């Protein structure tokens, strides 16, 4: 039997500002199937229901502190930050 | 180059100190300051929050891009986070150049980019005690109807 780690990967989702207030969560470790894209992660989170379902379907995201497209593939160990509309400056 | 995200009050004098070199004829300081109103609603104060590590990366990238677009001397940016009162400085930039045209253009572009890209969020506190993260209501899906 192949070890389970061959089929899944560990990622961490980060939430800030309005998204943190909405979900009550700052940091969420998750296991996803290898080959998952950011859009799969978004769907997984929205499918939790309740407040999670209020996250936008196409949020801005950053992987390892760089903005990324929603169709980008994720890798084991990635940190995915959900970026609410920015209002700095 | 100087890039900083800080909880401390911003000191414009410190930011200007030592910024310009012998070939700089222009030194331009910009301060973004908390004002008392937004969209007609009186504001009591602001909270700024940042994804700090990424904010510093994006601020540095913006300065690098400005330096590629214009012929500049020293460039510096400091953004403050935490709770700020009316009149306090939330962001400051210093841009130096030989001639003022580049300093004016780069300074404006830098602030425009900061407002578009940097992962920093502002929550306004209103006089009636309510508070809103700017821009958030428009992207959150509707509350489920019971």
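Chains as they are written, first to last, in our numbering: chain A, 14 to 102; chain B, 19 to 164. Cβ coordinates follow ideal geometry from the N, Cα and C atoms, glycine included. Small disclaimer: the values here were computed from a predicted structure and weren't measured.
Cβ atoms of residue j and residue i: under 7 Å apart, would you say?
i: residue 75 of chain A; j: residue 96 of chain A; result: yes
i: residue 157 of chain B; j: residue 78 of chain B; result: no
i: residue 160 of chain B; j: residue 102 of chain A; result: no
i: residue 23 of chain B; j: residue 74 of chain B; result: yes
i: residue 99 of chain A; j: residue 137 of chain B; result: yes
i: residue 24 of chain A; j: residue 43 of chain A; result: yes
i: residue 114 of chain B; j: residue 92 of chain B; result: yes
i: residue 51 of chain B; j: residue 111 of chain B; result: no
i: residue 135 of chain B; j: residue 76 of chain B; result: yes
i: residue 151 of chain B; j: residue 66 of chain A; result: no
i: residue 68 of chain A; j: residue 61 of chain A; result: no
i: residue 28 of chain A; j: residue 38 of chain A; result: yes
Please report how far the alpha carbon of residue i lies from the alpha carbon of residue j, in whole angstroms.
i: residue 45 of chain B; j: residue 38 of chain B; result: 7 Å
i: residue 36 of chain A; j: residue 26 of chain A; result: 12 Å
i: residue 60 of chain B; j: residue 21 of chain A; result: 50 Å
i: residue 147 of chain B; j: residue 153 of chain B; result: 19 Å
i: residue 127 of chain B; j: residue 43 of chain B; result: 20 Å
i: residue 120 of chain B; j: residue 63 of chain A; result: 51 Å
i: residue 25 of chain B; j: residue 48 of chain B; result: 19 Å
i: residue 53 of chain B; j: residue 105 of chain B; result: 6 Å
i: residue 55 of chain B; j: residue 33 of chain A; result: 25 Å
i: residue 122 of chain B; j: residue 40 of chain B; result: 19 Å
i: residue 85 of chain A; j: residue 139 of chain B; result: 25 Å
i: residue 53 of chain A; j: residue 83 of chain A; result: 9 Å
i: residue 3 of chain B; j: residue 72 of chain A; result: Look at the range of chain B in this structure, 19 to 164, and you will see that residue 3 of chain B is not part of it.
i: residue 145 of chain B; j: residue 57 of chain A; result: 39 Å
i: residue 58 of chain B; j: residue 87 of chain A; result: 43 Å
i: residue 77 of chain A; j: residue 19 of chain B; result: 23 Å
i: residue 94 of chain A; j: residue 70 of chain A; result: 15 Å
i: residue 149 of chain B; j: residue 72 of chain B; result: 25 Å
Answer yes or no: does any C-beta atom of chain A fall closer than 7 Å to that of residue i?
i: residue 71 of chain B; result: yes
i: residue 58 of chain B; result: no
i: residue 151 of chain B; result: yes
i: residue 80 of chain B; result: no
i: residue 19 of chain B; result: no
i: residue 104 of chain B; result: no
i: residue 143 of chain B; result: no
i: residue 139 of chain B; result: yes
i: residue 132 of chain B; result: yes
On a CA-only basis, which of the options is nearest residue i? Give me that one, please.
i: residue 89 of chain A; options: A:52, A:30, A:31 and A:46; result: A:46
i: residue 94 of chain B; options: B:155, B:30 and B:154; result: B:30
i: residue 86 of chain B; options: B:135, B:104 and B:124; result: B:124
i: residue 89 of chain B; options: B:105, B:117, B:103 and B:71; result: B:117
i: residue 81 of chain B; options: B:54, B:129, B:40 and B:155; result: B:129
i: residue 79 of chain A; options: A:34, A:91 and A:57; result: A:91
i: residue 131 of chain B; options: B:40, B:109 and B:41; result: B:109
i: residue 27 of chain B; options: B:103, B:149 and B:144; result: B:103
Taking only beta-carbon atoms, is residue i less than 7 Å away from chain B?
i: residue 99 of chain A; result: yes
i: residue 90 of chain A; result: no
i: residue 37 of chain A; result: no
i: residue 29 of chain A; result: yes
i: residue 81 of chain A; result: no
i: residue 69 of chain A; result: yes
i: residue 96 of chain A; result: yes
Exercise for review: Would you check if there are 3 or more beta carbon pairs closer than 8 Å linking the segment 39-56 of chain A to the segment 23-37 of chain B?
Suggested key: no
Practice item. Determine, using beta-carbon pairs with one atom in the segment 94-101 of chain B and one in the segment 65-72 of chain B, whether at least three such pairs fall under 8 Å. Key: yes
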